[in-house]
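A short worksheet on the structure shown next.
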Amino acid sequence: MTAFGTGIAGVGALAVLAAMGLAMFRALRGPTVYDRILAVNHFGTLTVLLIAAAGFLSGRPEFLDIALVYCLISFIGTVAVLKFFEYGDLGHAGSDERPPAAGTGS
Amino acid sequence: MEYVINTVLLALLAVTAGAIVHLRNLFAAVMLVGIYSLLTAALFVILDAVDVAFTEAAVGAGISTILMLAALALTGREQTAATGPSAVGLAVVLATGAALVWGTLDMPHFGDPNAPAHVHVAPRYLEGTLTEIGIPNAVTSVLASYRGYDTLGEVFVIFTAGIGALALLGGRRES
């Protein structure tokens, strides 16, 4: 990898770390649960990006595979959290009709 | 560069852990536990332990979050306030913490190449992993091959725990 490419990956990693700090702030302050859910989802995405940038920094871009699997885990986790929040339990089969709103946003 | 990444990740870990202890809203605490697990997984990847990072992300960020959410669905979302600060509790915690820190003073420094763990079998693992196992990642070959029986034992333990939990809860029989 060229020095320029390494520099770009380094700047990208720093930017991802800064974004992690911002997402952390949102997860801590809330105020609604949806802010927190979004912060965790965002954090998952940032982890994927950090792994990718770190892989290019250390000269082993094969870490990209791991980053892809992290994408899947993060997606499934967010779907589970949202399903829990919409229906109140995870075993619900789901329906086309909107159930009575469970969340009041604490 | 790796130094900077490690420092920022560890600082974020400390902030998350403090917030988890401090927060009264349990749903927010569960979300923060998920973030904590993702941060740990990122640290593991930077340490080259990709299998451990996979396990941490799948179990810590995935399954544990869902299990805790399911527990929250059965209980309440707010933690009842503790009965106020207790001087005895603080003293016990401080004494235990001091004893633990004092206990680590005898241990070799972090990353010390002359530590017993690094001079016993580790050099042989590092040299032999490509010719003996054929896996380029040393952590993977130690986990899955050199210490395969150890990992198999862990699987037995988890399997037994799962069977025990199923037997306690009792599966529903629907005809």
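Chains A and B supply the protein sequences, listed in that same order.
97 is the number that my numbering gives to position 10 of the first sequence; each next residue is one higher, with no gaps.
119 is the number that my numbering gives to position 136 of the second sequence; each next residue is one higher, with no gaps.
A virtual CB, placed ideally from N, CA and C, is assigned to each residue, including glycine.
In this text, all values refer to a predicted model and were calculated from it rather than measured experimentally.
The closest CA to that of V(-9) (chain B), considering only B:L22, B:L9 and B:G45, is found on B:L22. Counting along the chain, M90 (chain B) sits inside no alpha helix (DSSP H), nor does DSSP assign it H or E at all. Here N8 (chain B) carries a strand assignment [DSSP, helix/strand/coil]. When the Cα atoms are used, F162 (chain A) and I46 (chain B) turn out to be separated by approximately 13 Å. For the pair L125 (chain A) and R116 (chain A), the CB atoms are not nearer than the 9 Å cut-off. Annotated as proximal: N120 (chain B) and V33 (chain B), with beta-carbon spacing under 9 Å.
With fewer than 16 other Cβ atoms inside 10 Å of its own Cβ, L149 (chain B) counts as exposed. Residue environment for L77 (chain B): exposed (fewer than 16 other C-beta atoms within 10 angstroms of its C-beta).
Proximity of chain A to L15 (chain B) at the Cβ level (cut-off 7 Å) is accounted for by A114, in chain order.
Here S69 (chain B) is exposed, its C-beta having fewer than 16 other C-beta atoms within 10 Å.
The beta carbon of T123 (chain B) sits closer than 8 Å to those of V33 and D34, all from its chain and outside the five residues before and after it, given in chain order. The continuous alpha helix (DSSP H) containing M51 (chain B) extends over residues T48 to L57. V(-13) (chain B) places its beta carbon 9 Å or farther from that of L151 (chain A).
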